[in-house]
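Structure first, commentary second.
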Amino acid sequence: MSLFEIRASKTSFITVLASALMLTTPTFGFAAEETTYREIMEQGSEIFDKYGISHALPKLAISSLVQGDHVVEHAHRTVQIGNEVRDSSVFLVKNTDSKGNIDLRIKYNPKELDENEKVIDEIETFTRTEYRLRNYAESFDPSSVRAKEDQNGNVIISFNYSKYGLPQDIAYFRFLSVDIELVNGEPKRMIIRNNKPFKHNKYQVDTYHQEIQFQKLESGKIAIASKHIEIVGSSKNKPVNMVSTVKPVAFYEDKLGVQVLDEKLLNEVSDPRMHEASVKLDRTFPLMGDMVRRQGIDLPLPFGVSMAYRNQNMNIPFNDFIIDGVRLNDLFDPEDTVGIVNAESLSIRGDVNILPFWNVFGYIGKVNVDAHVDAGYTGEGGQYLKDKLNDRLPGLGDKFCDSLSALCNRGRVNVPIHLDYDLRGVGTSLSVGYKEFFASVTGTYSQTRLKGVDDWGDGIVTVQPMLGYQLVDYRAQFFVGAEYQGLDSRMDGRVKSGDIEFDYDIGVELNQWAFMTGFNKQIGKNYNLTMLYNKGETRDALTLNLGYRF
Numbered sequence: 216m217s218l219f220e221i222r223a224s225k226t227s228f229i230t231v232l233a234s235a236l237m238l239t240t241p242t243f244g245f246a247a248e249e250t251t252y253r254e255i256m257e258q259g260s261e262i263f264d265k266y267g268i269s270h271a272l273p274k275l276a277i278s279s280l281v282q283g284d285h286v287v288e289h290a291h292r293t294v295q296i297g298n299e300v301r302d303s304s305v306f307l308v309k310n311t312d313s314k315g316n317i318d319l320r321i322k323y324n325p326k327e328l329d330e331n332e333k334v335i336d337e338i339e340t341f342t343r344t345e346y347r348l349r350n351y352a353e354s355f356d357p358s359s360v361r362a363k364e365d366q367n368g369n370v371i372i373s374f375n376y377s378k379y380g381l382p383q384d385i386a387y388f389r390f391l392s393v394d395i396e397l398v399n400g401e402p403k404r405m406i407i408r409n410n411k412p413f414k415h416n417k418y419q420v421d422t423y424h425q426e427i428q429f430q431k432l433e434s435g436k437i438a439i440a441s442k443h444i445e446i447v448g449s450s451k452n453k454p455v456n457m458v459s460t461v462k463p464v465a466f467y468e469d470k471l472g473v474q475v476l477d478e479k480l481l482n483e484v485s486d487p488r489m490h491e492a493s494v495k496l497d498r499t500f501p502l503m504g505d506m507v508r509r510q511g512i513d514l515p516l517p518f519g520v521s522m523a524y525r526n527q528n529m530n531i532p533f534n535d536f537i538i539d540g541v542r543l544n545d546l547f548d549p550e551d552t553v554g555i556v557n558a559e560s561l562s563i564r565g566d567v568n569i570l571p572f573w574n575v576f577g578y579i580g581k582v583n584v585d586a587h588v589d590a591g592y593t594g595e596g597g598q599y600l601k602d603k604l605n606d607r608l609p610g611l612g613d614k615f616c617d618s619l620s621a622l623c624n625r626g627r628v629n630v631p632i633h634l635d636y637d638l639r640g641v642g643t644s645l646s647v648g649y650k651e652f653f654a655s656v657t658g659t660y661s662q663t664r665l666k667g668v669d670d671w672g673d674g675i676v677t678v679q680p681m682l683g684y685q686l687v688d689y690r691a692q693f694f695v696g697a698e699y700q701g702l703d704s705r706m707d708g709r710v711k712s713g714d715i716e717f718d719y720d721i722g723v724e725l726n727q728w729a730f731m732t733g734f735n736k737q738i739g740k741n742y743n744l745t746m747l748y749n750k751g752e753t754r755d756a757l758t759l760n761l762g763y764r765f
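Numbering (the numbering used here), first residue to last: 216 to 765.
Written out as structure tokens, the structure is:
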């Protein structure tokens, strides 16, 4: 058999195996970071309501875009890395139409941008984040809210940010503690400090200090007077000191008109010689993403590409051999025959989150299969020839078997096979989470094509249900579950070599389910590493996947 060329007229035995051995890596889409508005209202509103504080106030540390529909702000940042100092200033102009759509523009003087920094790109990144957060449910942890009054009636309200309701790209806020200072019943200052070091973008942050000064507008609304942030840390073993200040320039309100806070800066931003860059804020996918974010649920970035490697071993018991319609169980004992298969696959996958809980993907790749069929030969064929020869001439059959003992006695026949396949497939994942816990099910449909053959084999369905637990502070998930590979109990196909051609129909005993465990680790806000291990009665597999989301 090792000399034969296997061609797919229907679905060859090894083709079906190769289809089942492809990679199936779950997508962690809607994974377990939920704090609902109702829970916050029930648990955290009492102290805020008692002192007349808006529930949106804590979000001002994260997003200044919640201040109003039409706002002009000035932002200045100084970064010292080692002995190098970088200094940049820009204006942010926000306008909101009657439908709630935001137009955000960056206006700047090129002379005020440091040539060594991609300031505009960085601003676009964090303003997209702030835009996503403008409708978030309250982001504070209701169980952490405390109030302390002094003898003069002033109050300090302390709380921590929620570790569940924050997006992954600003999740460092879960390491921060907040104090809101009330004087005569009005918020005057909010101070945010870190309670442990953390990593943000390319910086290792040792000390974080943010101070927000509040002011009351003519409309009676509380707004930011200034936001000042100081960061001390390191980057690539060099000390880093960063100071940034955000200051409102003007508020435009429909009923009260323009409230100018800094006439000089307003004249500067109105200069027609200022350069302008528009920030694209809205994303098409996932559909209904804003509705979900308003409930305080974090969503991953919508698009992803990944590369995966899988190595699977299978021990395949046989129970029937039919060649060209003739059953050969008398010649080869099915119960004493096993197929030992090793398959390695390398695939590239692209995916998109259509809905917050629904991911779809497609993939292509290569599969290399090394198989050994270890068959138990019964010797019945040689015994048949021995009896026939002895009937014609006594002793002739005995001499025949003496010279060809392997043909007349029980023994083993080992047939090695090596095959290369192309791989293609599609799949989908459905996910849901609550706080640290999540559940997911991933299904795939894959096909393989033998190298040198035009036709694709029949498809194979794979399903992976799982339950998991997330370590929120470490952005890591651990999970257990099962994997179903929809292999048929019979493998049929056609073998052709030169003028020799015949059909085969082989019965196998495969366990379609296997236990599955693994972990997923997010690396920064874009990368993630996944490892899966499967173990069943007839197979085991190891899968590694490196993905990038954008």
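Where a beta carbon is used, it is the ideal one built from N, C-alpha and C, also for glycine.
From the DSSP output, which residues share a beta bridge with F533? If you number the sequence shown from 1, residue 533 lands on position 318. Answer is V723.
When DSSP labels each residue in this structure, what does N528 get in the three-state scheme? The residue labelled residue 528 in the question sits at position 313 within the sequence shown. It is a strand residue.
Less than 8 Å separating the beta-carbons of P549 and H587? Counting from 1 along the sequence shown, the entry for residue 549 is found at position 334. Counting from 1 along the sequence shown, the entry for residue 587 is found at position 372. No, Cβ-Cβ distance for P549 and H587 is not below 8 Å.
N-terminal and C-terminal residue of the alpha helix (DSSP H) that E483 is part of: Within the sequence shown, residue 483 is the residue found at index 268, counting from 1. Its alpha helix (DSSP H) spans residues 478-484.
Option in H415, N456, P463 with minimal Cα separation from L432: Counting from 1 along the sequence shown, the entry for residue 432 is found at position 217. Nearest of H415, N456, P463 to L432, Cα basis: P463.
Three-state class that DSSP yields for S358 in the structure shown: For this step, residue 358 is matched to residue 143 along the sequence shown. Looking at S358 - three-state DSSP - the assignment turns out to be helix.
Are the beta-carbon atoms belonging to Y699 and W671 less than 8 Å from one another? If you number the sequence shown from 1, residue 699 lands on position 484. If you number the sequence shown from 1, residue 671 lands on position 456. Result no, Cβ atoms of Y699 and W671 do not sit closer than 8 Å.
Does the beta-carbon distance from G580 to L543 come in below 8 Å? Here residue 580 is taken as the residue at index 365 of the sequence shown, counted from 1. Here residue 543 is taken as the residue at index 328 of the sequence shown, counted from 1. Going by C-beta atoms, G580 is not nearer than 8 Å to L543.
Give the range of the beta strand (DSSP E) segment to which F466 is assigned. By 1-based counting over the sequence shown, the position of residue 466 is 251. First-last of the beta strand (DSSP E) with F466: 453-468.
Put Y266 into one of helix, strand or coil per three-state DSSP. Residue mapping note: residue 266 aligns to position 51 of the sequence shown, counting from 1. Judged by DSSP in its simplified three-state form, Y266 adopts coil rather than helix or strand.
Mark R389 as exposed unless 16 or more other C-beta atoms lie within 10 angstroms of its C-beta, in which case mark it buried. On the sequence shown, residue 389 is found 174 positions in, with the first residue counted as 1. Buried.
Contact set for N557: own chain, Cβ-Cβ below 7 Å, skip 5 residues either direction: Within the sequence shown, numbered from 1, the residue matching residue 557 stands at position 342. Here the set comprises N528, D585.
At least three beta-carbon pairs within less than 8 Å, the region 481-488 to the region 724-743: no
Nearest by alpha-carbon distance to S313: which of D469, F429, S303, N456 is it? Here residue 313 corresponds to residue number 98 of the sequence shown, with the count starting at 1. Comparing Cα-Cα distances from S313 to each of D469, F429, S303, N456, the minimum goes to D469.
According to the neighbour-count rule (16 or more other Cβ atoms, all chains shown, within 10 Å of its Cβ), is F693 buried or exposed? Counting from 1 along the sequence shown, the entry for residue 693 is found at position 478. Its Cβ having fewer than 16 others within 10 Å, F693 is exposed.
Between the CA atoms of L645 and S560 - distance to the nearest angstrom: The sequence position of residue 560 within the sequence shown is 345, counting from 1. The sequence position of residue 645 within the sequence shown is 430, counting from 1. Roughly 24 Å between the two C-alpha positions.
Any C-beta of chain C sitting closer than 8 Å to the C-beta of E724? Protein chains in the displayed structure number just one, and chain C is not present.
L432 by DSSP, collapsed to three states: which one? What you label residue 432 is simply residue 217 of the sequence shown in a count that begins at 1. L432: coil per DSSP, three-state reduction.
State yes or no: is the C-beta of V678 within less than 8 Å of the C-beta of V695? By one-based count along the sequence shown, residue 678 stands at place 463. By one-based count along the sequence shown, residue 695 stands at place 480. Going by C-beta atoms, V678 is not nearer than 8 Å to V695.
Does the beta-carbon distance from V520 to G577 come in below 8 Å? Your numbering for residue 520 matches position 305 in the sequence shown. Your numbering for residue 577 matches position 362 in the sequence shown. No, Cβ-Cβ distance for V520 and G577 is not below 8 Å.
Quick one: Cα of I444 to Cα of N375, how far? To locate residue 444, count along the sequence shown from 1; it is residue 229. To locate residue 375, count along the sequence shown from 1; it is residue 160. So the alpha carbons of these two residues sit roughly 18 Å apart.
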